[in-house]
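Numbering (the working numbering), first residue to last: 492 to 609.
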């Protein structure tokens, strides 16, 4: 596969794609105030536009309040989209932050074969 400019058929037809990824929220408390603050602070380090979507709601990834309005709890899935300069780098950094549970670790792993408490 060639890395030359214009090798992507979408680019040749004037269609550009915006880098995006679906990410699972894995920390116990979800995208609460502290986690949203960390996400927003990291997103703000990049000059690109970052949008986060959950369900029908899309918010600015650099807005703590917007991120909190997504009400993304543990186990939720969000779509993160970065557009502009350093978009790929921003997306990679944000993916790593979310995968790390925003530095808070991950929530309990649910197992269907664990005996229930009686």
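In this text, a Cβ means the ideal position worked out from N, Cα and C, and glycines have one as well.
All of these numbers come straight from a predicted model, not from anything done at the bench.
CB-CB under 6 Å to residue 563, same chain, minus the five flanking residues each way: which ones, in chain order? Same-chain partners within the cutoff: 516, 521, 522, 545, 569.
Any idea if residue 596 is buried or exposed, counting beta-carbon neighbours within 10 angstroms, 16 or more meaning buried? Counting C-beta atoms within 10 angstroms of its own C-beta, residue 596 has fewer than 16 neighbours from the protein chains shown and is therefore classed as exposed.
Rounded to whole angstroms, what's the CA-CA distance from residue 566 to residue 531? Just pull it up for me. Approximately 20 Å, taken between the alpha carbons.
Suppose you measure from the CA of residue 541 to the CA of residue 574; what does that come to, to the nearest Å? 6 Å
Return yes when the Cβ of residue 509 is within less than 8 Å of the Cβ of residue 579, no when it is not. Cβ distance not < 8 Å, so residue 579 and residue 509 don't count as in contact.
List, from N- to C-terminal side, the alpha helix (DSSP H) runs of 4 residues or more that fit wholly inside the region 553-587. 555-560
Less than 8 Å between the beta carbons of residue 512 and residue 561, yes or no? Contact flag unset, no.
Alpha carbon to alpha carbon, how far is residue 589 from residue 555? 15 Å
Return the first residue and the last residue of the alpha helix (DSSP H) that residue 520 is part of. Premise fails: residue 520 is in no alpha helix (DSSP H) and is neither H nor E.
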